[in-house]
Amino acid sequence: MSKAFTPVTLAESERYYELWQQTPRRSLDYTLANLWGWQRHYGLEWVFTDGLCWIRQTRPRPCLWAPIGAWDAVNWQDLPDSGLGPEIIRVPEELAQLWQRDLPETLDIEEDRGQWEYLYSQEELATLPGRRFHKKHTHLNNYIKSYGEPDYRPISDAMVEDVLGLQDDWCQWHECEGSLSLRAENEAINRVLSHWNQFRGLVGGSLYVDGRIVAFSVGENLDGKSLGVHFEKGLGGFKGVYQTINCAFSRHAGRGFATINRAQDLDEAGLRQAKMTYNPVGFLRKYRVRLAC
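Residues 134 to 426 in my numbering are what the sequence shown spells out, letter by letter.
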């Protein structure tokens, strides 16, 4: 490949969104908001070439991500000789299948369970029906008994300052400065919210109690059928605040979507257990691909 990778920048957003609209399977990982938010932490770079945009992380180790664009229109026979690198991570299943079809003797494809994105029924998250959601409904009811009916407000430009203030309070309570992962997430949240108007399809919701913001959720329209959730935070000390913002955001921002994509668990046992309690209806599966030398 003759073109060089350059850092992800919002200056190329129009070019990126054009290819994003052509991508058959749209993972939360590859949204521009996600790439921009985590750009510094992962040292994310990209290159636009041959009708695709390839993503590369440079930290903690150099590694290629999958491309975005019209996968079906690409001659993948040239992939092994592209000089892109021996390993590609976070590859959506649909693209992995294309590569397996076109390059059966050239690839080693391995399931990467920790990167699978959890898909939930929008209707179920919005209504918490039946015995499977009994505990979630109990937490929601406790919130209502303690603070009244949820005061849900869509996030507007004027509210971004409130949201960033809550995030700052949350970080102080959880001592983000002492945790690399929490520090990186805090930076990602601040980068995205500080450029709120520069992303397409971004939506947000918040909860207020007695005029004070106590929770927020930020998501994105992925493809008209699925709403992805980038960030979700609630203040400690408010009973059922996470179950309530989850339900309210799914009900309001999620209206009209079939599924809610709530990202991956990164092989963290506690996070996986928590995600499973919301009864996923499917996964956006991803794979690790190695090219034969």
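Note that beta-carbon positions come from the ideal geometry of N, C-alpha and C, so glycine has one too.
So, with DSSP's three-state summary, where would you put Gln331?
By 1-based counting over the sequence shown, the position of residue 331 is 198. If DSSP states are grouped into helix, strand and coil, Gln331 belongs with the helices.
Under 8 Å, with one C-beta from each stretch per pair, do the stretch 326-341 and the stretch 381-390 reach the 3-pair mark?
Judged by Cβ distances under 8 Å, the stretch 326-341 makes contact with the stretch 381-390, as three or more pairs qualify.
What does Tyr280 pair with, by DSSP beta-bridge criteria?
The residue given as residue 280 occupies position 147 in the sequence shown. DSSP lists no partner for Tyr280.
Hey, quick one: how far does the alpha helix (DSSP H) through Lys408 stretch, first residue to last?
Walking along the sequence shown from the start, residue 408 turns up at place 275. It spans 402-409 - the alpha helix (DSSP H) in which Lys408 sits, taken as one unbroken run.
Could you pull the DSSP bridge partners for Pro200 from this structure?
Stepping through the sequence shown from its first residue, residue 200 is reached at position 67. The partner list for Pro200 (beta bridge, DSSP) reads Trp187.
Residues in its own chain within less than 7 Å of Cys309 by CB, not counting five upstream and five downstream?
Translated into the one-based positions of the sequence shown, residue 309 becomes position 176. Same-chain partners within the cutoff: Leu315, Arg316, Asn319.
With 16 other CB atoms within 10 Å as the buried threshold, where does His267 fall?
Taking the sequence shown and counting its residues from 1, the one referred to as residue 267 is at position 134. Burial call: exposed.
Contact between the stretch 246-266 and the stretch 389-407 is defined here as three or more beta-carbon pairs at a separation below 8 Å; is this criterion met?
Yes, the stretch 246-266 touches the stretch 389-407.
Measure the C-alpha to C-alpha separation of Arg192 and Tyr280 and round it to an integer number of angstroms.
Within the sequence shown, residue 192 is the residue found at index 59, counting from 1. Within the sequence shown, residue 280 is the residue found at index 147, counting from 1. Answer to the nearest angstrom: the Cα atoms are 44 Å apart.
Residue range of the beta strand (DSSP E) that Tyr251 falls in?
One-based indexing of the sequence shown puts residue 251 at position 118. Counting along the chain, the beta strand (DSSP E) containing Tyr251 begins and ends at 250-254.
Near Leu273, what residues of its chain come up, given a Cβ to Cβ distance below 8 Å and the 5 sequence neighbours on each side ignored?
Numbered from 1 along the sequence shown, position 140 holds the residue referred to as residue 273. Leu261, Gly373, Gln376, Thr377, Cys380.
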